[in-house]
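To keep things clear, I will list the structure first and then write my remarks on it.
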Amino acid sequence: MWRVGTVVALHDETATARTITFEVPDWPGHVAGQHVDVRLTAPDGYSTVRSYSIASAPNSDGYVELTVERLPNGEVSPYLTQELAVGDRLELRGPIGGWFVWRTEQTEPIQLIAGGSGIVPLMAMIRSHASAASTALFRLLYSVREPGAIFYRDELQTLSDRNHSVSIAYAYTRATPKDWPRPPSRIDAALIANTTWPSNLAPTCYLCGPTSFVESATDLLIAFDNGRDKIRTERFGPTGERK
Amino acid sequence: MSTDAADYLDGNAAAGDLSKIFVVDVTAAQGQCANCGAIRRFAEAHLYMQAPGVVARCAVCDHILLRLVNAGPRVFLDVRGLTYLRLDTA
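Protein chains in written order, with the numbering used here: chain L, 1347 to 1589; chain V, 249 to 338.
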């Protein structure tokens, strides 16, 4: 079932990513980690659908936030991040997905691992954790190209400062902040050992990012004796657009 | 194997299309592969969307579990690669 969402706010997260807030009358509510399908229809009738993760915490206000990364050769993301304006209306289907979700009833330790814009559904989980005042222990390992590519930087800092049950580690793959101890590199075994929950705590792990990133992070978690049944993944595919 | 390992998504990505057919969420459903017998969540299947339809393959043996093709006002659903799907209806 498609619903019409009206754009009520736009906010740039980075030079290439924008958060879009939709007001959706009769929105049924969502669970952190779910996504929506967005349908764009041109005046000539051509229509196309893309999936985007929901960034906002569950709420009952009828607002849905998506953060969209602009892809150089994308068909839809350049429009959403550069041309869409407040007051525009788009069709949304969802919320979708009942597996890659974190519910506020969960009390076990949670390990989140994000690659690039894979942070978006994990941010919904962190926001849900905060708004529900959950005491579940959260760790986020967030891999980004460079400091300027971090989404939600100030909010993440504030949430982890204020709430000791959320801790955040960054991994930079191309350029680091000044005096950063770890040279630019991908997530590796040492980083997993130093920044993620030990497997004997039986954390539930949520991994989101490009397919190759998710594959290698999953393999590392399994190498550290995390059970495959404790690892939930969401892949963006090689292009970053899910459809 | 004929498929490029970097080209797939996971079962979550088919949830929107499947929501046109199923009244409950399919991504959390457990399914058994008719080829190797592995029992996994549908969300864990490897999903290929480059074809005219959507093809879900077993994460263990790569056998086709499900195919979904949109053809105008009709949807074709082929699930012969699944022995069963266990859906939570609560």
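Note that the Cβ used here is the ideal one computed from N, Cα and C, for glycine as well.
| Check | Outcome |
| --- | --- |
| CB contact below 8 angstroms: E1580(L) versus chain V | yes |
| R1574(L) versus T1367(L) - alpha carbon distance | 35 angstroms |
| Residues that I1442(L) contacts on chain V, provided the C-beta gap is smaller than 7 angstroms | A263, G264, S267 |
| Backbone secondary structure at P1441(L) - three-state DSSP | strand |
| The stretch 1455–1465 of chain L / the stretch 1416–1424 of chain L touching (three or more Cβ pairs under 8 angstroms) | no |
| Status (buried if at least 16 other CB within 10 Å, exposed otherwise) for M249(V) | Residue placement at M249(V) is poorly supported in this model, since its pLDDT is 34, which falls under 50; the coordinates still yield a value, given next. M249(V) should be labelled exposed. |
| DSSP-derived helix/strand/coil call for Y1498(L) | coil |
| Cβ neighbours of E292(V) in the same chain (closer than 6 angstroms, five flanking residues each side left out) | A307 |
| Where the stretch 1420–1451 of chain L meets chain V: residues whose CB sits under 9 angstroms from a CB there | R1439, G1440, I1442, G1443, G1444, W1445, F1446, V1447 |
| C-beta contact flag for V317(V) and I269(V) at 8 angstroms | no |
| G264(V), enclosing alpha helix (DSSP H) - first and last residue | 263–266 |
| Assigned exposure category for W1526(L) - 16 Cβ within 10 Å defines buried | exposed |
| Contact residues within the stretch 314–331 of chain V, judged by C-beta distance below 8 angstroms to chain L | none |
| Sequence-distant residues of its chain with Cβ nearer than 7 angstroms to P1584(L) (five each side left out) | With a pLDDT of 48 at P1584(L), under the threshold of 50, the modelled position of that residue is not reliable, and no figure is offered here. |
| Enclosing beta strand (DSSP E) for L325(V) [first to last residue] | 322–326 |
| Close-in-space but distant-in-sequence residues of the same chain around W1543(L) (CB under 7 angstroms, 5 per side omitted) | P1455, Q1457, R1485, P1549 |
| Neighbouring residues, chain L, relative to N283(V) (Cβ below 9 angstroms) | Correct list: empty, because the minimum Cβ distance to chain L is about 19 angstroms. |
| Below-8 angstroms beta-carbon distance, R289(V) vs any chain L residue | yes |
| Same chain, Cβ closer than 6 angstroms to G1464(L), five either side skipped, listed in chain order | C1554, G1555 |
| Beta-carbon proximity check, V1384(L) vs Y1398(L), cutoff 8 angstroms | yes |
| First through last residue of the beta strand (DSSP E) which encompasses T331(V) | 330–334 |
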